[in-house]
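J.:
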Amino acid sequence: MTRRRGLAALLALTVLAAGDARAASPDAGLARARVCYDALDYDCAERELAVLREALSDAAPEVRVAILALSAEAALSTGRRAQAVDHLVALLAREPGWEPPDGSWPAPWRAALAEARGRAPDVDPPTLVGEVPAGRAGNALFVTLSATDRTGVSRVILHVTRAAGPDQPAGDVLSFAMEARDAGRFVATVPAELVSEPALLLWAEAWDRLDNGPASWGSRDAPHRVEVAARQDDASVASEWWFWTALGAVVVGGVVLAVALTSGDDGASTSHSRPGDARVILEFP
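Using the numbering used here, read the sequence shown as starting at 27 and increasing by one per residue.
#1: What residue range is occupied by the uninterrupted alpha helix (DSSP H) comprising residue 78?
#2: For the alpha helix (DSSP H) containing residue 234, name the first residue and the last one.
#3: From residue 386 to residue 73, what does the alpha carbon distance come to, in whole angstroms?
#4: Residue ranges of each beta strand (DSSP E) run of no fewer than 3 residues wholly in the stretch 144-217, ordered along the chain?
#5: Just to confirm, is the Cβ distance from residue 156 to residue 130 under 8 angstroms?
#6: Report, in whole angstroms, the separation of the C-beta atoms of residue 215 and residue 199, which I expect to be a contact under 8 angstroms.
#7: Within a Cβ cutoff of 6 angstroms, which residues of the same chain sit near residue 98, ignoring the five residues on either side of it in sequence?
#8: Any contact of the stretch 205-224 with the stretch 121-138, i.e. 3+ C-beta pairs under 8 angstroms?
#9: At the level of alpha carbons, what is the spacing between residue 146 and residue 235?
#10: Please state whether DSSP places residue 221 in a helix, a strand or coil.
#11: Given residue 46, which residues of its chain have a CB within under 8 angstroms of its CB, disregarding the five upstream and five downstream residues?
#12: Which residues in the same chain have their Cβ closer than 7 angstroms to the Cβ of residue 191, if we skip the five residues on either side of it in sequence?
#13: Roughly how many angstroms lie between the CA atoms of residue 84 and residue 180, to the nearest whole one?
#14: Please report the straight-line C-alpha distance between residue 257 and residue 82, rounded to a whole angstrom.
#15: Please report the straight-line C-alpha distance between residue 96 and residue 176, rounded to a whole angstrom.
#16: To the nearest whole angstrom, what separates the beta carbons of residue 239 and residue 230, a pair I think is in contact under 8 angstroms?
#17: Can you grab the Cα-Cα spacing for the pair residue 51 / residue 209, in whole Å?
#18: I'd like the list of long-range same chain contacts for residue 117, defined as Cβ closer than 8 angstroms, with 5 residues on each side in sequence excluded.
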């Protein structure tokens, strides 16, 4: 038995060392978690599973169920019964008739499953609230929202566009994945290059870990308006209509983007990519 566990642990280390331990594929993450679990390395398994649960909506339906089932098994194996029941409630919300494979669970584990069956599943979206920030042209705009849900919040997306002004068309919609902080706070930074007069329009959406949602803070039809005060120095390139047109389309979090701007005759450029800023990518339809 000792030799078997040693070989399994060695296999776990080999798998985890091969490439990025946070690969985008949920299937790969689940495989790593399973290797750790089979090697009785429950800390390793829980680290992998926590990452997978944060991005549960990115996985195929059958993979979501497998992630939640393994999360429940790992919790039960380490005496975290309440957490196991929460995972099983989430699992049963997706697959009400789910049963452990081959009826292999011991009686205490099956009792946890029975408790989960008796609990009403969470079908409500998160609660999403926040204050409208003040803006000044050429300065970064910091947005903080509060999102809470009894099963946890999986993601909050902030949408930003520029209000139309004299001789300026409205800007394209940019969307930022907000970063989770403590006590249900989610934050995003709208880069200074994008903050221009006369105003920005903001709205946000949130989903919980069961994919209930979206909860809304404002909307495209009824956004929150941020009046942008005039900047103290020269006008930003972001105040030009062509900047927003070129930036284009919808932006979704996931990859850090450096927004490169070129101005003047000398071709000098500046870029924005600071730690803690919202992660952004561009998608053109």
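All C-beta atoms, glycine included, are put in the ideal place defined by N, C-alpha and C.
Since we're looking at a predicted model, the values are computed, not measured.
T.: Quick look at the numbers:
#1: Locating residue 78 in the sequence shown gives position 52, where the first residue counts as 1. Per DSSP, residue 78 belongs to the alpha helix (DSSP H) from 68-80.
#2: Working through the sequence shown from its first residue, we reach residue 234 at position 208. Taken as a continuous stretch (DSSP letters only), residue 234 belongs to no alpha helix (DSSP H), being part of the beta strand (DSSP E) at 225-234.
#3: Lying before the first or after the last residue shown, residue 386 is absent from the chain, which here runs from 27 to 311.
#4: 153-156, 167-174, 179-188, 200-203 and 211-216
#5: In the sequence shown, counting from the first residue as 1, residue 156 sits at position 130. In the sequence shown, counting from the first residue as 1, residue 130 sits at position 104. It is not a contact, given that the beta carbons lie outside the stated cut-off.
#6: Residue numbering aside, residue 215 sits at position 189 when the sequence shown is read from its first letter. Residue numbering aside, residue 199 sits at position 173 when the sequence shown is read from its first letter. No, residue 215 and residue 199 are not in contact; Cβ-Cβ is about 17 angstroms, not under 8 angstroms.
#7: The residue labelled residue 98 in the question sits at position 72 within the sequence shown. Excluding residues within five positions, the ones whose Cβ falls inside 6 angstroms are 110, 113 and 114.
#8: no
#9: Locating residue 146 in the sequence shown gives position 120, where the first residue counts as 1. Locating residue 235 in the sequence shown gives position 209, where the first residue counts as 1. Computed Cα separation, rounded: 16 angstroms.
#10: Along the sequence shown, one-based indexing puts residue 221 at 195. Correct three-state label for residue 221: coil.
#11: Along the sequence shown, read from residue 1 onward, the residue named residue 46 stands at position 20. Because the pLDDT of residue 46 is 45, which lies under 50, any placement of that residue in the model is unreliable, and the question is left without a value.
#12: If you number the sequence shown from 1, residue 191 lands on position 165. Result list for residue 191: 223 and 224, in chain order.
#13: On the sequence shown, residue 84 is found 58 positions in, with the first residue counted as 1. On the sequence shown, residue 180 is found 154 positions in, with the first residue counted as 1. Between residue 84 and residue 180, the C-alpha separation is close to 11 angstroms.
#14: In the sequence shown, the residue the question calls residue 257 occupies position 231. In the sequence shown, the residue the question calls residue 82 occupies position 56. Near 42 angstroms, if we compare the C-alpha coordinates of residue 82 and residue 257.
#15: As a first step, residue 96 is located in the sequence shown; it is residue number 70 there, counting from the start. As a first step, residue 176 is located in the sequence shown; it is residue number 150 there, counting from the start. Spanning the two alpha carbons is a distance of roughly 20 angstroms.
#16: Along the sequence shown, one-based indexing puts residue 239 at 213. Along the sequence shown, one-based indexing puts residue 230 at 204. Contact doesn't hold; Cβ gap of about 11 angstroms is too wide.
#17: The residue given as residue 51 occupies position 25 in the sequence shown. The residue given as residue 209 occupies position 183 in the sequence shown. Taking the straight line joining both Cα atoms gives about 29 angstroms.
#18: One-based indexing of the sequence shown puts residue 117 at position 91. The answer, listed in chain order, is 91, 94, 95, 98, 124 and 142.
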